[in-house]
Structures are given as structure tokens and as C-alpha cells.
Amino acid sequence: MCGIMSAVSTRNVVPILIDGLKRLEYRGYDSAGLAVVNGKMHRVRARGRVAELEARASAAGVSGEIGIAHTRWATHGVPSERNAHPHVSGGISVVHNGIVENHEAIRARLVALGYEFASDTDTEVIAHLVHSHLREGEGLLGAVRRCLAELSGAYAIAVIDEKDPRELVVARYGAPLLLGLGEAENFAASDSAALASVTQRVVYLKDGDCAAVTRSDIRIIDRKGRVAQRPVQGCQHAAAATELGAYRHYMLKEIHEQPAAVARTLDFALQGGLEASIFGPDAERILRGTRNVLILACGTSYHAGMVARYWLESLAGVPTQVEIASEYRYRESAPLPRTLVVTISQSGETADTLAALEHARSMRDRHGLTICNVAESSLARASELCFLTQAGPEIGVASTKAFTAQLAALAVVTICLAKIRGRISAEMEASVLHSLRRLPAALDNVLGTNDEVAAWARKFAQRPHALFLGRGIHYPIALEGALKLKEISYIHAEAYAAGELKHGPLALVDETMPVVAIAPKDGLFEKLKSNLQEVRARGGELHVFADQDTRMEMSDGVHVIRMPDHAGLLSPILHTVPLQLLAYHTALERGNDVDKPRNLAKSVTVE
Numbered sequence: 003m004c005g006i007m008s009a010v011s012t013r014n015v016v017p018i019l020i021d022g023l024k025r026l027e028y029r030g031y032d033s034a035g036l037a038v039v040n041g042k043m044h045r046v047r048a049r050g051r052v053a054e055l056e057a058r059a060s061a062a063g064v065s066g067e068i069g070i071a072h073t074r075w076a077t078h079g080v081p082s083e084r085n086a087h088p089h090v091s092g093g094i095s096v097v098h099n100g101i102v103e104n105h106e107a108i109r110a111r112l113v114a115l116g117y118e119f120a121s122d123t124d125t126e127v128i129a130h131l132v133h134s135h136l137r138e139g140e141g142l143l144g145a146v147r148r149c150l151a152e153l154s155g156a157y158a159i160a161v162i163d164e165k166d167p168r169e170l171v172v173a174r175y176g177a178p179l180l181l182g183l184g185e186a187e188n189f190a191a192s193d194s195a196a197l198a199s200v201t202q203r204v205v206y207l208k209d210g211d212c213a214a215v216t217r218s219d220i221r222i223i224d225r226k227g228r229v230a231q232r233p234v235q236g237c238q239h240a241a242a243a244t245e246l247g248a249y250r251h252y253m254l255k256e257i258h259e260q261p262a263a264v265a266r267t268l269d270f271a272l273q274g275g276l277e278a279s280i281f282g283p284d285a286e287r288i289l290r291g292t293r294n295v296l297i298l299a300c301g302t303s304y305h306a307g308m309v310a311r312y313w314l315e316s317l318a319g320v321p322t323q324v325e326i327a328s329e330y331r332y333r334e335s336a337p338l339p340r341t342l343v344v345t346i347s348q349s350g351e352t353a354d355t356l357a358a359l360e361h362a363r364s365m366r367d368r369h370g371l372t373i374c375n376v377a378e379s380s381l382a383r384a385s386e387l388c389f390l391t392q393a394g395p396e397i398g399v400a401s402t403k404a405f406t407a408q409l410a411a412l413a414v415v416t417i418c419l420a421k422i423r424g425r426i427s428a429e430m431e432a433s434v435l436h437s438l439r440r441l442p443a444a445l446d447n448v449l450g451t452n453d454e455v456a457a458w459a460r461k462f463a464q465r466p467h468a469l470f471l472g473r474g475i476h477y478p479i480a481l482e483g484a485l486k487l488k489e490i491s492y493i494h495a496e497a498y499a500a501g502e503l504k505h506g507p508l509a510l511v512d513e514t515m516p517v518v519a520i521a522p523k524d525g526l527f528e529k530l531k532s533n534l535q536e537v538r539a540r541g542g543e544l545h546v547f548a549d550q551d552t553r554m555e556m557s558d559g560v561h562v563i564r565m566p567d568h569a570g571l572l573s574p575i576l577h578t579v580p581l582q583l584l585a586y587h588t589a590l591e592r593g594n595d596v597d598k599p600r601n602l603a604k605s606v607t608v609e
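Our numbering applies: residue 3 is where the sequence shown begins, and numbers increase by one.
Here you go:
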């Protein structure tokens, strides 16, 4: 989503701001801007990439020792320079992540006071509100706090005033923001990645915190108006993790990093013999008392939850619901007793998932376990139990290694619950653990299908539509394959449980419709073959990912790629990889921006 970078220093902060924005580009954006104070406020904005903003700032000779900067993903108002942040009002400049839900009412009141609006955004009301409170005699910190008391919604903001170039004021509620501590300089950003080149000492703000930041000091005020102390934490940034190296795109790099990402995730889980304590000190008691599981997630993480439902019910014997987080809190539901609420999110900042967790707790589902990739994320802090995947930074907008690491983590959760509930024998546990330990090597072998998949992609790139089919536990993987193709190739793709073909979707099948099938050798294989024969009978062209020992032969209109490994219950993790490669190579053939697909953002921090 949108990104914030801000700094107050004894040196020119423009290069620092630009560098920070570049490190936030992976989040997705459509415009960028910065404002600095050097005698007066200087603002530069540009539609498009940070490189265009950098060129404009250089051409204008902009410099200053205090400044704010932003990458915007359009919500209110089209992508344009006039809607790009920062927004200004009488010497005040503001950048904002989130949504002001009551902006229309505030706008009407400000217009009545004589304020003129230059953009279509909700954010501009913040600039004018702060300015109005400054006119009443408040200092910048006080003016910002009074402004925030009038807002409904979510926000992370940074504010500067040209009349006081020594102080930067920031605040957060429902959107991430952290402070970075330097020598005679301090920073604030929406993501620790933005601070990688300037500091490794950070302070994570809590919801409702407001902070005054100067070169030499930070002062934090909590939501009740009290001075607050937040711990200083180390934040190690591995440069290699955010560099392309020999790869053409981050997505390709991250597909190839999956064996290592899954290995790190499993090493973390298995080093102590797979005990419940890996989720937190109270995990044994909470898991022992669990009778139901509710999984809340969005997008790719939702698909991971759908796979986990099969595991949790078959291995652990726990009734499991999987809900789209953005829908769950807007319907009347009947809470089940002794439910463990599992939230899944790559960033740990997904606004819909955070809100859904809060809603679940309001319905007496007290115990929560989050699976995410960021230790200090809002979800990790909001949940009693936590499992941190070890995927490392994921820059490509289309999630790859984060997804397979989530699946590995969910397999671990399943085994722990099964052990605690006495549902798994020692022999079965040993077998599953053996498969888990083999998983990184099996993933590495599956990457060997790359060239065959790339050959398929050359044909897919010419087609406007595609169908994906799976049965049982592989149906969610078909959904994920279709999502990946949509996200980066812009080809319309749909996924169905293969048994549903004859209930409607078969009407779409003809010789122009490529159909992708996931065909592991399992108890549903013969059923799937019958579904695929229905496709061929209507002239559909089949592209099948089959296990080595399945009787699925190539013929006219039937293309088969054989998977080099079979992982039993963990098969969905392996079958994910060639679908990622298919999406990647198809997008490449179509000349798309693979890492930054149109209209999408990496971390969805607004509803």
C-alpha cells in the first residue's frame, strides 16, 4: 500500500527520503511526492515512479534538513500529481497512509471556514485541520493531536510546519509506523525497509501514539495523553535479501528462494522437537483447550487457510471454518465455544484481517494465533500465540515464498494440535516429519520444471481466458494458480473444484480455452480423470501437472508436465510452484511489469 518516509537531520534529507521511497516501491503505488523546509516549504510531486520524482527534485535543486515523503496508492481520487502526497495548508505539509472515513463531513466544515481544496483526496482534510488548530494557538504536536481526535478511520501520518523546521510530528492508528534513531538525526517510516540505509535502531509506535521527533530526541504521547516509553529494538537489514542479484525480477528470485524459505521456517519449528511452545509460552494450555478453529485471511493467505482446513480436520480432527476476513465481520455468525482464531497475513498489517480478529474477539473467541512474516507487525502483537514464517523480505507484489512458508507453518500447527489431541500415532508423526524435512529438497526439484512451463506460457500469453481445476486439498491450489495468472498476466482466469464442471463452468469450454489441472496421485485421481475427459469431449485443451506415477499420458490436446516428487499430504506445497512459474512466464511473454502489476499493492493496509 502507500509508503511513508520522513527525516529530521543536520544534513540534506532529500537523498534519504528518495532512498527510503525506493525501498518502499515493492508495496505498490501510482504516484510519489516529498516536501522539505528550507526557509520555506518546497514540495515536489510526480505521477508514476519514484525515479520521476527524483529527477524533478534534482532539476528543482530542492534541499532541506527536515522533510516528509510518500508513495501513494489511489483510494480517494484518481492517480495524478494533484492527488499525490504531500498535501499542504498554509505552511503545513502532511503525508498519510489509511482512510479518513468521515472526510466528507470534515471537508464541508472546513469549506465553510474558508479553506479551499486542491485535491480529491481524504488526506487533504488533515492538512487543513492541523492548520486550523495552529491558528488557534496550539503547537504542532497539540494541533496534530486535536486533529486526530476528529478523525474516524485508520491512519499513519507525518506532518511538518515551515515555521518550525526543527520538529516532525507523526502518529498512527490502525496503520503501521515506526521511528528510526540516528546520530543527530531521527526518522519515521511505515516500513523498516525504508530505514535500511540510515539506521538499525527502531521504535515501534502503538495504536494511538503521537510523537514529536527532533534531531536529538523523540517524545511519544499515548492515546490517553500520557508520555510513553517504547522500547528501542534492533532491526537487521540483509542487503542481499532486497537485491535482485542474477535474477531478472524479484518474483522469479522469490520463486527460487522457496526451498530456503521453507527450510528456515521448518528449522525454526523443528529445532526443539515440534513442541507447542514454539507458538508462545501459553500455547500448550490454549491448544489443549481448542475444540474448533476459525481461520481469517485474505487473498493468497485465504487459500493457505483453505488448505489448512483439510489438514486440521483430517489429521487433528478439529472442525475448521475458513473465512474471508473482509466479509467475516459484516455478517451475523454463531460463535462456537473454545475456538482458536488463526489469522494469516504476510505483512501482519492487513487491515481487513486485523479488523476481523477484533470482531472475532468481540464474539468471545478469545484465543488467537497469527501466522505472519513480520515479528513486530500489528497482528503479531495482537495475538497471544504467533508463528513467524522465515520467508525473508518479499518484494514482488504477487506472493510466492510467503505462501509456501505459510503452508509449511500451517502443517506444523496441524501436527502440534494432532499430537495434543492424541490423534496422531508416533509412526504417523515420524512419517509427516520426514516429509517436512524433505520438503525443501522436493521444492528444489520442482523448480526443474521451469523450461517446460515456460513453453506452455508462450501459448497461454495469446489466450484471453483460462480455467484451473483441482479436487480436494488441491482445489485451493487451483484457486491460487488462477489468482497468480490474473494478478500479473491480466488474463481472466477462474478456478473450480473439478467435480463442479458439469454444474455450469463446462459451458465455457471450447478449443480456445486452456484448462490447467492439478493431478496428484491420490484418492480422487480417478474422479479427476473423468472430469478431464469431459473437458476433452468438448474440445478443451488440457495442461496437466501430474505426479510421476500417475497414468496420465500426453496426446493431441493433452499436455502433461510430470512432477519430480510426490509429498503426500504436503503435495499442495509442491504443486504451487509450477503454477507460479506459469503466471510469471505468461506475464513475461505479454510484456507486463511482473513485480509491480497494475492496480495492486503489496500490503493492503486500508479496508
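Positions of the beta carbon are idealized from the N, C-alpha and C atoms, including for glycine.
Residue i vs residue j beta-carbon contact at 8 Å
i      : j      : result
ALA411 : LEU584 : no
GLU381 : GLY424 : Residue 381 is actually Leu in this sequence, not Glu. Against a cut-off of 8 Å, the Cβ pair of GLY424 and LEU381 comes out as no contact.
GLY182 : LEU197 : yes
GLN8   : ILE94  : First, the residue type needs correcting, since residue 8 is Ser and not Gln in the sequence shown. Cβ distance not < 8 Å, so SER8 and ILE94 don't count as in contact.
ALA62  : VAL46  : yes
ALA230 : ILE220 : no
VAL278 : LEU289 : Here residue 278 is Ala; the residue named in the question, Val, does not match the sequence. Yes, the Cβ-Cβ distance between ALA278 and LEU289 is below 8 Å.
ALA500 : ASN533 : yes
HIS369 : LEU342 : yes
THR123 : HIS89  : yes
PRO478 : VAL309 : yes
GLY282 : ARG340 : no
ARG217 : SER11  : yes
THR345 : THR372 : yes
LEU469 : MET515 : yes
Inter-residue CB distance, residue i and residue j (contact presumed, cutoff 8 Å)
i      : j      : result
ASN447 : ASP524 : Not really, about 19 Å apart at Cβ, beyond 8 Å.
GLU334 : LEU296 : So it is not a contact: roughly 15 Å between Cβ atoms.
VAL518 : GLY474 : Not really, about 16 Å apart at Cβ, beyond 8 Å.
ILE68  : VAL15  : 7 Å
ALA444 : THR267 : In fact, because the Cβ distance is near 15 Å, the residues do not count as touching under 8 Å.
ARG174 : LEU207 : 5 Å
LEU510 : ALA521 : Not really, about 20 Å apart at Cβ, beyond 8 Å.
LEU317 : ILE222 : About 46 Å; that fails the 8 Å criterion.
Inter-residue Cα distance where the pair is residue i and residue j
i      : j      : result
ALA34  : GLU187 : 23 Å
ALA158 : ILE128 : 11 Å
LEU419 : TYR304 : 20 Å
TYR330 : ARG383 : 21 Å
LEU487 : ARG465 : 12 Å
GLU286 : ILE422 : 8 Å
GLU256 : PRO574 : 18 Å
GLY559 : LEU180 : 55 Å
GLU502 : TYR252 : 36 Å
LEU508 : ILE417 : 38 Å
HIS135 : LEU153 : 14 Å
LEU390 : MET43  : 42 Å
TYR586 : HIS467 : 16 Å
ASP269 : GLY275 : 10 Å
THR578 : TRP75  : 29 Å
Nonlocal neighbours in the same chain, by C-beta distance under 8 Å from residue i, ignoring five residues either side
i      : result
SER91  : TYR117, GLU126, ALA129, HIS130, VAL132, HIS133
SER328 : CYS300, ASP354, ALA358, GLU609
ALA107 : none
LYS165 : GLY93
SER82  : SER33, ARG49
LEU254 : TYR586, VAL596
ARG51  : GLU27, ALA34
Other residues of its chain near residue i: CB distance less than 6 Å, five sequence neighbours each side excluded
i      : result
ALA195 : ARG25
TYR312 : ILE475
ASP21  : SER199
ALA262 : none
ALA393 : ALA263, ASN375, LYS403, ALA404, ALA407
PHE119 : GLU126
THR451 : ILE563, PRO580
Neighbourhood of residue i by C-beta, 7 Å cutoff - its chain only, sequence neighbours within 5 removed
i      : result
ALA271 : ILE280, VAL414
GLN348 : SER303, CYS374, ASN375, GLU396, SER401, ALA404
ALA40  : For clarity, residue 40 is Asn in the given sequence; the question names Ala instead. These residues qualify, in order along the chain: SER65, GLY66.
GLU536 : LEU503, LYS504, LEU508
ALA160 : ILE6, SER8, ILE70, VAL97, LEU170, VAL172, ALA190
GLY247 : LYS255
Stretch-stretch touch, CB-based, cutoff 8 Å, three pairs: the region 569-585 with the region 423-443: Counting Cβ pairs under 8 Å, three or more are found: they touch.
Touching or not, the region 362-375 and the region 105-112, by the rule of three or more beta carbon pairs under 8 Å? Cβ pair count under 8 Å is below three, so no.
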